[in-house]
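Visitor: Take a look at the following structure, please.
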Amino acid sequence: MNQRYIPDLKIPVSRRREGPRENMRWIGKSIKRVEDPRLLTGKGKFIDDVVVRNMAHVALLRSPFAHARIKSIDISKAQALPGVIIVVTGKSMAETTGPTVSFSSPPVPQYVIAVDKVRHVGEAVAAVVAEDRYIAEDALDLIEVEYEELPVVSDIEQMPFAKGDAVLHPERGDTNVAMDRTFTFGPVDADFARADIVIKRKLRWNRSGPQPLETAGAVAEYDEGTGKFTVHCNTSMYTYVGWLCAVSLGVPATQLNIVPTLAGGSFGSKLFLHRVIVLTASLARLAGRPVKYIEDRLDNMTNADAHGSDRLYEAELAMKSDGTMVSLRYQVIDDYGAYLQYGYGTHGNAFSQVVGPYRINSVEARVIAVLSNKCQQGAYRGFGSEVANFVIERMADVAAKELGIDPIEIRRRNLIRPEEFPYVIPTGNVYDIGNYQAVLAEALRMFDMEGWRAKQAEARKQGRHIGLGLVTCQERSVFSSTEFWSLNPPDQPGFALTSSPEAISLRIDPTGKAFVKLNAPFWGNSPETVVTQIVAEALTLEPSDVVVGYADTDAGFNGTGPGGSRYTVMVAGAVVAGARTLREKLFKFAAHMMECGTDDLELRSGNIGIKGVPDIQKSIAEVAIASHYFRLSFPDEPGFESGLETTAVYDHPLTTLPPADRSHLGIFYPIMGHMAHAVALEVDIGTGKVEILDYVAVHDCGTVVNPMTLAGHVRGGTAQGIGSALLEYFRYDEDGQLLTASFADYHIPTAHEVPSNIRVGHVETPSPYTEYGIKGGGEGGRMAAPPVLVQAIEDALLPFGVEIMEIPLTPNRIRQIIRQAQR
Amino acid sequence: MSNKLIEIAVTVNGKSLERRVPPRMLLSDFLRHELHLTGTHVGCEHGVCGACNVEVDGKTARSCLMFAVQAEGAIINTVESLGTIAKLHPLQQAFWEKHGLQCGFCTPGMLMTAKELLAANPNPTREEVTEAISGNLCRCTGYQTIVDAVMSAAEAMRNSEVTPS
Amino acid sequence: MKPAPFEYVRPGTLEEALRLLAEQSGEAKLIAGGQSLVPMMNFRLARPELLIDINSLAALDYHRRDGDVLAIGALARHATLSASALVRSLCPLVTEAYRHVAHGTVRNRGTLCGNLCHADPASEMPAVMLVLGATLVLRSARGERRVAASDFFTGLYSTVVKPDEMLIEVRIPVTAVSCGHGFAEVSARKGDYAMTLVASTLDIRGGRIYAAALAYAGVSDRALRMVALESRLVSQVPSQALFNEVAEAAAHSIDVGEDQHADRAYRSDLIRTLTPRALAQAAASIAT
């Protein structure tokens, strides 16, 4: 029996202060959303609803070529068009505005408007500022650009070999390979040597993207009197990287205030929006007018820095003949597109859960990141770990087939057991807690796999092809910032930040109402609702006594923002910290008012009272008004300052540094949710169309604050997973032209393409590390749907003996697969 | 814009008004930027997503595929006509209760489509609701709770003693 | 995505509309529903200098029986036609095909005549008009002419409509009682343009196919009526084997195109798969 390889790290002690409790008043309740009334009545303020007096409008001239030198740009005719204020080329903007933020090291410089060359179709070549968007677009027609086309390499397997003029960033060297490094976690060679069988396969994950209904946009003002920029934007992580936009603008961070607006969906695509912020601010300064830029859909599809993963894997899974998984080794080529804003973070992300929920002993990965003439990748729900899930689940299914073991059974044999948590995986990340067996059991209970197998057999007799699938996957939550740089060369980590906090300001007014200001925005998650619930819980208030708003960066720059399913966990931590501070202060005042010790007091239903003595209490409002207005009624000591106000910062609850040798990556994504998805579908083998007949999604997200909103994320994420697996494809041809550049060609699922009843189940294993035991759950649906759908389609096509290791499985592709099998 | 402005008279959310507009101004832009009715949203400007759906002479229309000048003499209702925070329309109430929205961007168009459905078919099946909303893209919800909401509103409206106008 | 500038006029009479069209022909475009035209204008792929809005010509919004023909006016909306009991009783293939056309809101404003003039190669109605042997009435200030559907569609987004002409009416022969209809389509999502569609009628008398019509769309630069294949069906007893044979012949004789969604082999597959389905539907749908 082999010794399990465990990376040499110490798991820090839990800093949790509030455990999950039975009979919580607000946490765990599906209260109606606080955000909804204004959204329902059309009163929500999105970025295109922002009006600033005298604002002008921006349109971008987009490159028609995938790769070309810009030989000349003649803007004279455009500039002369009535209604045009200024026309700006990349070269002229670069005189005042530097490249934008990038986590890659060495950085891949990106300018908001291309300077010497264009690197993908749709990249901005010039900007027009005009009285309205109509005129701005008229002016685009009048700009004359002379291009010298350069070669395009479109085949992912050829990209690592591109040289000379095919190189996108020649100043980085004569290659488009941004990184080619092998990461070894544990005794991989020895593990492969002792394996009974090695499963080896190629897998292809093609690119899709978030495509929220609302595009990105910004409205920027430049105050010539103060030299300060104010930029309204539907960005997510303005508190994290906002000041870096100031750097791009060449001004101190004090001179940029970013004001968040509601965002109509993001799914990762609006994390930074450095480009729209810097573009509009820079243009406002140049034009002497406030400017608004809203991406149209074509801008968003071709030039929003927001495409998803685009990977080719060659993977090997070393197994024992009894179905035990021993080791995983892979080479992956990731086509990042023209720039590298997040560095290799999407592979770091994959490493957080690369072994899935299984007891795999070691992992080795050769990650080849290539640059190509496509829009760059951004973040898309899963941020690269949805692909890791796809790989391990597909490999598990192949292993099951080759070893003659039932695919559910092979998973069971390898699932980490409840008593093994906290479980350190070979990459150094930790799985905090789980009960994967319980999730699996619940999924099987809800899905009725036996019943479906019987239906499948009946259908086969009629020549119909029903397929069944079940996957067991991880859904990590709460990233640590080490993920952004830990894969960079250890001697060149770049900005090796280790903070990813979340903060709120919390105050109680003289009437006893709680005011919360968040440093992260709304994008379709439910921050106001969950914060209201948690504040109400922590301070025993009614939800109607709580109001939640959003700070701009001047007022609240301590935060990170929504992403990586982190926000609910992190803001809960900030709320608990802030509530404790205010509770302490309230008790101090109340103890004085009631002539007792602070230890005698408790919060109950909006009152502060003496424990065990029900009729001695004061309402929070009574104590609050006293604290606000009656300083001289209290001792002349610290702690009795007027008012009830605090800023609370909560740091990542469980993260450690990677060691210098990168033998592991430290703990960086440990709040680990888990899910089992099961599907029954039918493939029309004549047309290649897939119809989903039944779908079950069981998720363990620890303590759930609002089951209704969580289920919403599960269903919405599953719908996006269906899109990525069956319908959506950002397809570039060999000249780098984007063939799917409108909603007519890029097929987002409609109500017809998503199952009418995705049945959602819950299991809860509260995290020992987070407040109330909450885990994040926003991304999960998309991280399990692709492998379960592909598994089921393969199962449906069992009579053809096909094996499918790719997405998307469009009807065209499914027919191709069947045809090939029939030869 | 083309220099020649055209005068139009149109009724929007019950109010009659006159404006001078360039021929090419899209109805979506007219509603949002001339009349400041920003409840109607713009998602694609090529008629696929449905975020811009409004009611024109009793039927939903893609406001991104109409020019404001074409609305001369028309009766237009946008989401702002449905209800207010103080008095929500049963559809709005149902969307709220059934979690029929997350980011809210598709919601106004979705509500106008649902309103049209229930006016023509007060007792739809789930399949009929699905078909009716299939021209409205939602990226957040997966549609299931939207269908739940429309079914719930339909029931509330059938049971209601007051006929909504 | 905003359109290029244009002049706009909304004539109050048909004569005025035709006069304007004649005066400005080449620079002007008629707009009825706008559901195909305006997206192209917003993408600036279409840049008419003058838009002639015919939506005031309410008298053109009709569909009625006219002898042995269903006459449909220029302003008849998809929504009206798809819900019409008259259309269903006279030309049920039209109603059947409408289940696949776009979505409710688009159908509210979109017109059948506008759709036919737009001549999208993957659209449903051109194929339906071919199958039903419709006649298209073109009017201009110079007069009127009638064009058979089989002569109307000339290529990608191209028809015989001259710059000064308006498609004023579509005249569809009423479907015989002995005639069944079938329609099969595959699109990426329901309501999208077809990757391949098959429309068919089979007139079955005395247990044999008396007449057949078979058309395809989504496979080429225009909808195609397969007259040669139809003659294979005539006089035959309808059977699955016959339909499969015709399907195979269709897959061989149609020179299919390809695009980013469907390659040639797939379209051929769909022709093979959908043809028997449409034909079987047609045979089964005859009222007994």
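Heads up: the protein sequence lines correspond to chains A, B and C, in order. Residues 721 to 1543, numbered by the working numbering, are exactly what the first sequence covers, in order. Residues -7 to 157, numbered by the working numbering, are exactly what the second sequence covers, in order. Residues 19 to 306, numbered by the working numbering, are exactly what the third sequence covers, in order. Ideal Cβ positions, reconstructed from N, Cα and C, are used throughout, including at glycine. This structure is a prediction, so every number in the text was calculated from the model and none was measured.
Just reading off the beta strand (DSSP E) that L1235(A) is part of, what are its end residues?
Guide: First, the residue type needs correcting, since residue 1235(A) is Phe and not Leu in the sequence shown. Residues A1234 to L1238.
Visitor: List, in order along the chain, the chain A residues whose C-beta lies closer than 9 Å to that of Q14(C)?
Guide: Residue 14(C) is absent from the model: chain C starts at 19 and stops at 306.
Visitor: Please classify I1088(A): is it buried, with 16 or more other beta-carbons within 10 angstroms of its beta-carbon, or exposed?
Guide: The residue is buried, with at least 16 neighbouring Cβ atoms inside 10 Å.
Visitor: Check each residue of the region 50 to 76 of chain B: if its Cβ is closer than 9 Å to any Cβ of chain A, include it; give the result in chain order.
Guide: Under the 9 Å Cβ criterion, the region 50 to 76 of chain B contributes T70, V71, E72, L74, G75 and T76.
Visitor: Quick check: the region 256 to 271 of chain C against the region 219 to 232 of chain C, are at least 3 beta-carbon pairs closer than 8 Å?
Guide: Touching, yes, given that three or more Cβ pairs across the two stretches are closer than 8 Å.
Visitor: With a threshold of 9 Å between beta-carbons, can A298(C) be considered close to chain A, or not?
Guide: Not one chain A Cβ lies under 9 Å of A298(C).
Visitor: Could you tell me whether any Cβ in chain C is nearer than 9 Å to the Cβ of T105(B)?
Guide: Answer yes: the Cβ-Cβ gap between T105(B) and chain C drops below 9 Å somewhere.
Visitor: Using the three-state DSSP reduction, which class does P980(A) fall into: helix, strand or coil?
Guide: Strand, per DSSP.
Visitor: Can you name the start and end residues of the alpha helix (DSSP H) that N1023(A) belongs to?
Guide: Taken as a continuous stretch (DSSP letters only), the alpha helix (DSSP H) holding N1023(A) covers R1017 to N1023.
Visitor: Give the residues from the region 51 to 67 of chain C that approach chain B closer than 7 Å (Cβ to any Cβ), ordered along the chain.
Guide: Hits within the stretch, in order: G52, Q53, V56, P57, N60 and F61.
Visitor: Are the Cβ atoms of I767(A) and A983(A) separated by less than 9 Å?
Guide: It is a contact, given that the beta carbons lie within the stated cut-off.
Visitor: Tell me where the beta strand (DSSP E) around K1409(A) begins and ends.
Guide: Residues K1409 to D1420.
Visitor: Taking C-beta pairs closer than 7 Å, name the residues in chain A that T291(C) reaches, listed in chain order.
Guide: Per Cβ cutoff of 7 Å: G1406 and T1407.
Visitor: List the endpoints of the continuous alpha helix (DSSP H) containing W1172(A).
Guide: Run containing W1172(A): M1169 to K1181, per the alpha helix (DSSP H) assignment.
Visitor: For S(-6)(B), which three-state DSSP category applies?
Guide: Unreliable positioning characterises S(-6)(B) in this predicted model, as indicated by a pLDDT of 47, which lies under 50. The coordinate reading is nonetheless provided below. In the structure shown, S(-6)(B) sits in coil (DSSP, three-state: anything other than H, G, I, E or B).
Visitor: Quick one: what does DSSP say M1525(A) is sitting in, helix, strand or coil?
Guide: Here M1525(A) sits in coil by DSSP.
Visitor: Determine which residues share a DSSP beta bridge with I1088(A) and list them.
Guide: Per DSSP, D900(A) and I1053(A).
Visitor: Report the CB separation of F905(A) from P1146(A) in whole angstroms; it is logged as a contact under 8 Å.
Guide: Indeed, because the Cβ distance is near 4 Å, the residues count as touching under 8 Å.
Visitor: Tell me the residue span of the beta strand (DSSP E) that contains C197(C).
Guide: Looking at the DSSP string, the run of the beta strand (DSSP E) that includes C197(C) is C197 to S205.
Visitor: Please report the straight-line C-alpha distance between V1083(A) and V967(A), rounded to a whole angstrom.
Guide: Approximately 39 Å, taken between the alpha carbons.
Visitor: For M19(C), which three-state DSSP category applies?
Guide: M19(C): coil per DSSP, three-state reduction.
Visitor: Starting from the beta carbon of T123(C), find every residue of chain B whose beta carbon is closer than 7 Å, and list them in chain order.
Guide: By Cβ distance, chain B contributes G42, N45, T52, A53, R54, T105 and G127.
Visitor: Hey, could you find the ends of the beta strand (DSSP E) W925(A) is sitting in?
Guide: I917 to W925 is the span of the beta strand (DSSP E), which, as asked, contains W925(A).
Visitor: Would you check if the distance between the CB atom of M17(B) and the CB atom of V61(B) is smaller than 9 Å?
Guide: Contact flag set, yes.
Visitor: Under a CB-based cut-off of 9 Å, is G209(C) close to chain A?
Guide: Yes, its Cβ sits closer than 9 Å to a Cβ of chain A.
Visitor: Taking the continuous alpha helix (DSSP H) assigned at R118(B), which residues delimit it?
Guide: Taken as a continuous stretch (DSSP letters only), the alpha helix (DSSP H) holding R118(B) covers R118 to I125.
Visitor: Check whether the Cβ atoms of K1313(A) and A1271(A) lie closer than 9 Å to each other.
Guide: The sequence given here places Met at residue 1313(A); Lys does not occur at that position. Cβ atoms of M1313(A) and A1271(A): not closer than 9 Å.
Visitor: Run through DSSP, which three-state label would Q1253(A) get?
Guide: In this structure, Q1253(A) counts as helix in the three-state DSSP scheme.
Visitor: With distances taken Cα to Cα, identify the nearest neighbour of E866(A) among S1201(A), I790(A) and D1168(A).
Guide: Among S1201(A), I790(A) and D1168(A), the Cα nearest to that of E866(A) is on I790(A).
Visitor: Using 9 Å as the limit for Cβ to Cβ distance, is L18(B) near chain C?
Guide: Chain C, which has a Cβ nearer than 9 Å to the Cβ of L18(B), makes this yes.
Visitor: Within 10 Å of its beta-carbon, does A856(A) have 16 or more other beta-carbons around it, so buried, or fewer, so exposed?
Guide: Buried is the call here.
Visitor: Can you tell me where the alpha helix (DSSP H) holding E142(C) begins and where it ends?
Guide: E142 to L150 is the span of the alpha helix (DSSP H), which, as asked, contains E142(C).
Visitor: Report yes or no: do the region 1147 to 1162 of chain A and the region 954 to 963 of chain A share at least 3 C-beta pairs separated by less than 8 Å?
Guide: No, the region 1147 to 1162 of chain A is not in contact with the region 954 to 963 of chain A.
Visitor: Just to confirm the assignment, what range does the alpha helix (DSSP H) spanning C131(C) have?
Guide: Unbroken alpha helix (DSSP H) run through C131(C): L130 to H136.
Visitor: Below 8 Å CB to CB, which residues in the same chain sit around T817(A) once its five sequence neighbours on both sides are set aside?
Guide: Hits under 8 Å: Y831, V832, S968, L969, G970, V998 and S1002.
Visitor: For a cutoff of 9 Å on Cβ pairs, would you count L288(C) as touching chain A?
Guide: It does: the Cβ of L288(C) has a partner Cβ on chain A nearer than 9 Å.
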